[in-house]
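Undergrad: The structure's right below; bear with me while I get my questions together.
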Amino acid sequence: PTGYEADDHFPGSAYYQLASDETAAPAAGVTGTVALPAGPEPADYAPDPTLRPAAPFLMRGTPQDKARALECLTTAIYYEAANEPDDGQRAVAQVILNRVRHPTFPATVCGVIYQGSEKAGCQFSYACDGAMARRPSRAAWLRASRVAASALAGEVFAPVGMATHYHTYAVTPSWNRSLVMTGVFGAHFFHRWKGYWGTGAAFKQAYLGGEPYPGPHPRAVTAAEVAAAAAAATVPMPAMPGTTAPAAQPQPVPVPVPVQQEYARSGDVRPEYSAAPESQVLDKWKDSGQPLR
Numbered sequence: 001p002t003g004y005e006a007d008d009h010f011p012g013s014a015y016y017q018l019a020s021d022e023t024a025a026p027a028a029g030v031t032g033t034v035a036l037p038a039g040p041e042p043a044d045y046a047p048d049p050t051l052r053p054a055a056p057f058l059m060r061g062t063p064q065d066k067a068r069a070l071e072c073l074t075t076a077i078y079y080e081a082a083n084e085p086d087d088g089q090r091a092v093a094q095v096i097l098n099r100v101r102h103p104t105f106p107a108t109v110c111g112v113i114y115q116g117s118e119k120a121g122c123q124f125s126y127a128c129d130g131a132m133a134r135r136p137s138r139a140a141w142l143r144a145s146r147v148a149a150s151a152l153a154g155e156v157f158a159p160v161g162m163a164t165h166y167h168t169y170a171v172t173p174s175w176n177r178s179l180v181m182t183g184v185f186g187a188h189f190f191h192r193w194k195g196y197w198g199t200g201a202a203f204k205q206a207y208l209g210g211e212p213y214p215g216p217h218p219r220a221v222t223a224a225e226v227a228a229a230a231a232a233a234t235v236p237m238p239a240m241p242g243t244t245a246p247a248a249q250p251q252p253v254p255v256p257v258p259v260q261q262e263y264a265r266s267g268d269v270r271p272e273y274s275a276a277p278e279s280q281v282l283d284k285w286k287d288s289g290q291p292l293r
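Going by UniProt numbering, the first residue of the sequence shown is number 1, and it counts up by one from there.
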């Protein structure tokens, strides 16, 4: 089978998504997109319009990497396709693993899923829109976990091919005009890039583990936000409506006050303590402590 190229949508449509390096998911159930690498396609590239399955995903890394990858992929399947049939969930999992192996995306499962979350521009909307605050259904979560485990173990959902994007029936993102539709599974349309970047030869990024924390990245503070905060700190607080700030009152100059006569000599030593007291040591002990002769 062949993909739907749709070259006649509008002139220059193949470069439509390159206006910015990274475009966030415009709505729930829709992936974001990223810019393709600059430069010409490899000289030995031969156009291949056929729909070919992705290679099996090869899971490497530490036990922590495997646990984090499973948690992240399960979360994505659950929040993107919890109520869809098995094919819909498997297709979503395949898109994520395809992205992991494509050089335009992070090389980890959690990195792909939470890409852009540090700037509220997520590739998968649920990571930014608060959906994760909902407690998942146990049965649906376990089902999503089984699909995720199978995909990480090397199971391939061949019908979706090299798809790296998808969207729901309800939303038509701008990037769909410059991609090739590979199929419809569950509630989503799936797409791959045109030309070389949508073929198996481009999916050469190796997975080496190093999975980040399985959740949205810490919010990054931009230089503009820092400047705005600094400017706000130097602006005086406005007065409340209908009130005026009180005028500054002059402070009185302290005047020296003479000390009363009865306190004038309060710091002097009393006469009875001014002379050293007579010794209370007995005569026979007066020489104690002297060196022996």
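Quick reminder that beta carbons are idealized off the backbone N, C-alpha and C, glycines included.
Whole angstroms are fine: how far does the CA of THR164 sit from the CA of VAL184?
TA: Taking the first residue of the sequence shown as position 1, residue 184 is located at position 184. Taking the first residue of the sequence shown as position 1, residue 164 is located at position 164. Approximately 13 Å, taken between the alpha carbons.
Undergrad: Which residue or residues does DSSP assign as beta-bridge partners of ARG192?
TA: Position 192 of the sequence shown, counted from the first residue, corresponds to residue 192. In DSSP, ARG192 forms a bridge with VAL180.
Undergrad: Is it buried or exposed, GLY46, if we count other Cβ atoms within 10 angstroms and call 16 or more buried?
TA: Here residue 46 refers to the residue found at position 46 when the sequence shown is read from its first residue. Before going further, note that residue 46 is Ala rather than Gly in the sequence given. By the 10 Å Cβ count, ALA46 comes out exposed.
Undergrad: In terms of residue numbering, what span does the alpha helix (DSSP H) encompassing TYR79 cover?
TA: Taking the first residue of the sequence shown as 1, we reach residue 79 at position 79. Looking at the DSSP string, the run of the alpha helix (DSSP H) that includes TYR79 is 63–81.
Undergrad: Which residue wins for smallest C-alpha separation from PRO218, given the options PHE189, GLN249, TYR114?
TA: On the sequence shown, residue 218 is found 218 positions in, with the first residue counted as 1. When only C-alpha atoms are compared, the closest one is TYR114.
Undergrad: Using 8 Å for Cβ pairs, my map puts LEU73 next to ALA93. What's the rounded Cβ distance?
TA: For the purposes of this step, residue 73 is identified with residue 73 of the sequence shown, where counting begins at 1. For the purposes of this step, residue 93 is identified with residue 93 of the sequence shown, where counting begins at 1. Sure, about 6 Å apart at Cβ, within 8 Å.
Undergrad: Measure the beta-carbon distance from PRO37 to THR104 and round it to whole angstroms, keeping in mind my assumption that it falls under 8 Å.
TA: By 1-based counting over the sequence shown, the position of residue 37 is 37. By 1-based counting over the sequence shown, the position of residue 104 is 104. That pair is a contact at about 7 Å.
Undergrad: Since MET162 and PHE189 are thought to touch, with beta carbons under 8 Å apart, how far apart are those beta carbons, to the nearest angstrom?
TA: Counting from one through the sequence shown, the residue named residue 162 turns up at place 162. Counting from one through the sequence shown, the residue named residue 189 turns up at place 189. Going by Cβ atoms, the distance from MET162 to PHE189 rounds to 15 Å, so no, they are not a contact pair.
Undergrad: Using beta-carbon positions only, say whether PRO42 and PRO159 come within less than 9 Å of one another.
TA: Translated into positions along the sequence shown, residue 42 becomes position 42. Translated into positions along the sequence shown, residue 159 becomes position 159. Contact: no.
Undergrad: Would you mind reading off the limits of the beta strand (DSSP E) that contains HIS165?
TA: To locate residue 165, count along the sequence shown from 1; it is residue 165. From DSSP, the beta strand (DSSP E) with HIS165 extends over 165–168.
Undergrad: Give a yes or no on whether the minimum CB-CB distance between GLY88 and chain D is below 9 Å.
TA: Here there is only one protein chain, and chain D is not present.
Undergrad: Please classify THR62: is it buried, with 16 or more other beta-carbons within 10 angstroms of its beta-carbon, or exposed?
TA: As a first step, residue 62 must be located in the sequence shown, where it is residue number 62. Its Cβ having fewer than 16 others within 10 Å, THR62 is exposed.
Undergrad: Assign ALA133 to one of two classes, buried (16 or more other C-beta atoms within 10 Å of its C-beta) or exposed (fewer than that).
TA: Here residue 133 corresponds to residue number 133 of the sequence shown, with the count starting at 1. Per the 10 Å Cβ criterion, exposed.
Undergrad: What residues in its chain sit with their C-beta under 7 Å from that of ASP283, if we drop five residues either side in the sequence?
TA: Here residue 283 refers to the residue found at position 283 of the sequence shown. For ASP283, where only same-chain residues beyond five positions count, there are no Cβ hits under 7 Å.
Undergrad: Round the Cβ separation of VAL30 and SER125 to the nearest angstrom and send it over; I've been treating them as touching at under 8 Å.
TA: Counting from one through the sequence shown, the residue named residue 30 turns up at place 30. Counting from one through the sequence shown, the residue named residue 125 turns up at place 125. At roughly 7 Å, the Cβ-Cβ gap stays under 8 Å, so VAL30 and SER125 are in contact.
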